[in-house]
Structure formats: structure tokens, C-alpha cells
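Q: In our numbering, the protein residues as written are -15 to 385. All residues carry an ideal CB built from backbone N, CA and C; glycine is no exception. All values derive from a computational prediction rather than experimental measurement.
#1: Counting along the chain, where does the alpha helix (DSSP H) carrying residue 46 start and finish?
#2: Could you pull the DSSP bridge partners for residue 448 from this structure?
#3: What does DSSP give as the partner residues of residue 356 in its beta bridges?
#4: Okay, do the stretch 50 to 66 and the stretch 196 to 210 touch, 3+ Cβ pairs below 8 Å being the bar?
#5: Do you know how far the Cα of residue 196 is from the Cα of residue 283?
#6: If you drop the 5 nearest sequence neighbours on each side, which residues of the same chain put their C-beta closer than 7 Å to that of residue 338?
#7: Taking three-plus beta-carbon pairs below 8 Å as touching, is the stretch 34 to 43 in contact with the stretch 357 to 368?
#8: How many Å lie between residue 291 and residue 266 at the Cα?
#9: For residue -4, tell me which candidate among 62, 123, 176 has the shortest Cα-Cα distance.
#10: How far does the beta strand (DSSP E) with residue 154 in it extend, from its first residue to its last?
#11: For residue 138, which beta-bridge partners are listed by DSSP?
#12: Confirm, please, whether the CB-CB distance from residue 316 to residue 341 is below 8 Å.
#13: What are the partner residues of residue 216, as DSSP defines its beta bridges?
#14: Does the structure place the stretch 141 to 156 close enough to the stretch 174 to 186 that three or more beta carbon pairs sit under 8 Å?
#15: Can you tell me the Cα-Cα spacing of residue 275 and residue 269, whole angstroms?
#16: Roughly how many angstroms separate the alpha carbons of residue 160 and residue 310, rounded to a whole number?
#17: Let me make sure I understand the geometry here. Which of 86, 47, 181, 379 has the alpha-carbon closest to that of residue 232?
#18: Against chain C, with Cβ distances strictly below 8 Å, would residue 244 count as a contact?
#19: Does the beta-carbon of residue 192 have 16 or more other beta-carbons within 10 angstroms, so that it is buried, or is it exposed?
#20: Buried or exposed: where does residue 143 fall if 16 or more other Cβ atoms within 10 Å of its Cβ makes it buried?
#21: Within the present structure, is the beta-carbon of residue 17 separated from the nearest heavy atom of the ligand GDP by less than 7 Å?
#22: Alpha carbon to alpha carbon, how far is residue 140 from residue 109?
#23: Please identify the residue among 239, 111, 147, 39 whose C-alpha is closest to the C-alpha of residue 137.
#24: Count the CB pairs spanning the stretch 236 to 245 and the stretch 11 to 20 that are closer than 8 Å, and state whether there are at least three.
#25: Helix, strand or coil for residue 84, going by three-state DSSP, please let me know.
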């Protein structure tokens, strides 16, 4: 008897994750012995940034104290209280529920699962973090992207948002500070989104995982702080601000009018209970991180701003590559005058060993091309990488344009 192949579910066909997918080719090239310069993954630790010691010690001590069983499904009380205190510092006062998850990614997936029925949609930014489009594909939801406006500092395009809303739209996602562009959204723009959400009965998914990584004196504003009437879930975690992505610990803070959100909150908690809990000892890092010494953020932001400035200066000298200056997170998303940024990224890697992520992996307006880099590497690596990019780009234009 001939056995047939095990066919994967069709829902997986649309799942793509450009940030990790590019690594597959990079690993193949690295095996040839070529020197690689990785500017692709938003993980601070491999670039020499250290998780604050007191956070590590909190987890170590929790393990020694035998906090190694299951925790409550929503999380331990000290961590919940610390998250809520941090949210109140950001002006979020009408908190209805708080829950801890295996990274902010799990929180986002749970909240989308609890909200959307087949055929419904959520407004997702382009460019934007590919997690959201991957979740859409996984659950066979309808894609409904809205554009960020490159000509306006990568702020959300309010007119485009209004055009995209239909009777199946349930929510809007904001990534602020933004991945991949590094934009920090203005109060004026956020207030307009509040008005749209209230008018169309939308839940706001506020992904604020980079809210403490800011440059040039720019202030971050949590959209949930702007209206007591706004149904909002604010997502964050320890991965970026506290240099601990491998801890895989995040959370969601639900705020807004209780009468509108109580059934949705119960649906979220049903899923939380079904998946048991987040990592128990890691949760003890949360109060130490949020309420303890924040001095690492000062050092981190100074380093990132200096490295951002190097990237900005290098790009300004390359004809055909332009950059909207990022003011937060740790990314830059330059535009590039090529027809196919995926092809450009692959050829760049093969020729120079410089690893970037093609802009098409984040979504972008038709007819435009970009690539994303992280500004986490040392000044020396960034300088070397952009010297290589500059030389390669001239050759590439001659060959393919």
C-alpha cells in the first residue's frame, strides 16, 4: 500500500514572516564562510545589549523559592499590580482587566481570537509587524490593511483608514512606536483615530512594546489615555524596553467602558484559562523591571540615538536611498529606488553578507520599495554595513535597472 503525503492545513499557505524567513538564506550563505553582518532581527542581546541584572536575579530567586508550578491564568498578583501601576503612569486610568502572556505576541493572538468571527476584519498598518498578517492567515480572516504615510513621517493615513472601514471591521491595530519605521505617532493623529474608533464601534489594539525607546526628546502618548470611552487593549512586555526577548513574557491591559467590554473580557479569559498560564517564575521579573531601576533605558536610548544618527548620515550620501528619520524603537526603514526589494535584499546578502529585511515583508504601497534594518549593532558594524550597501547599490542599479 502506498501511503500519501501528510498534507498541511491550507490556512498555513498564507503565513509568511519575512524577518525570520530571510535568515534561512543567510544561514546558507554563512556556511560558505562569508562574513555576515546581521541587521535584520530586533533582538538587542546578540548585539551586546545586556538584560538588567536585577531582572535576571528576580527570576533566579523565584525559581529557588519554588515558584515553579502553575500560576493563575491571568498572572501573579505582584506582576499584575506593577503592570497596572505602569499603565496609570502613562495616563491609562480606567483599567478593566490585565493579563500576562507568553510574550506580547500571545496576548495579541488571544485578543484577536476572542474578537473576530470568520469573514470579519481588523485594520492593520502597512508597513507593519508581520505577526498580524500571519495571525490573519492562520485564522483565515479577511485582510484589511491601511497605509502609514511616508510623506508625513510615517504617521497613520487618516483618509485611508476611513476608506477601509466596512461593516465587517471590528478593530484597528496601532504599533506605536512603530515597527518597522520607527515613527512615534502624534497626539493629533491619535485623537483622530480615537474619534474614528468611537464612531465605528472599533476596538483599538495598541501595540506599545517600544514605548520607552525614544529619541530627540519625543514623548510617547498611549492612545488609551486620550479617552475614557475608548475600548482599548494596550500590549507590552519585557522583550524590547527591558532587553529580554527570550523571556517570552508580555501582557495586555484592557481599558474603556465596562458595559461595552465585559463580554469580550470574559471571552479573553476563557482562552487564557484554556491555555493554563504564562511562565510562572519569569513573571517575577515584571515588578522589578517596571518599578525598579530604569537607568539602563537612559544608556540604551543614548546609544540608539547615536547609531540612528550614523545610519541617517550614511544614507544621506547614497543617491537613490532615502530615510524618514525614526524617533523611537530601534529600526530604520529607508526607501530604495529598485523594482523588487526582495531581490535586492537577497543579492545584497549574497554579495556583501549584509542581512536586511525587504520592505515587502512588512507591506507597503504598490510601486514602492524599502528595506528594514535594526540600529542595534555597534557603530563600527553599522558604518561597515552601510559602506558595503552603498558600493553594492551602485553595482545593482547598473545591472538591474
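A: Considering the structure as presented:
#1: 37 to 48
#2: With the chain represented from -15 up to 385, any question about residue 448 goes unanswered, as that position is not in the structure.
#3: 341
#4: no
#5: 12 Å
#6: 21, 23, 332, 369, 372, 373
#7: no
#8: 31 Å
#9: 123
#10: 153 to 159
#11: Looking at the DSSP assignment, residue 138 forms no beta bridge with any residue, so it has no partner.
#12: no
#13: 188, 239
#14: yes
#15: 10 Å
#16: 12 Å
#17: 86
#18: In the displayed structure, chain C is absent; only one protein chain is listed.
#19: buried
#20: exposed
#21: Here there are no bound small molecules, and the ligand GDP is not part of this structure.
#22: 8 Å
#23: 111
#24: no
#25: strand
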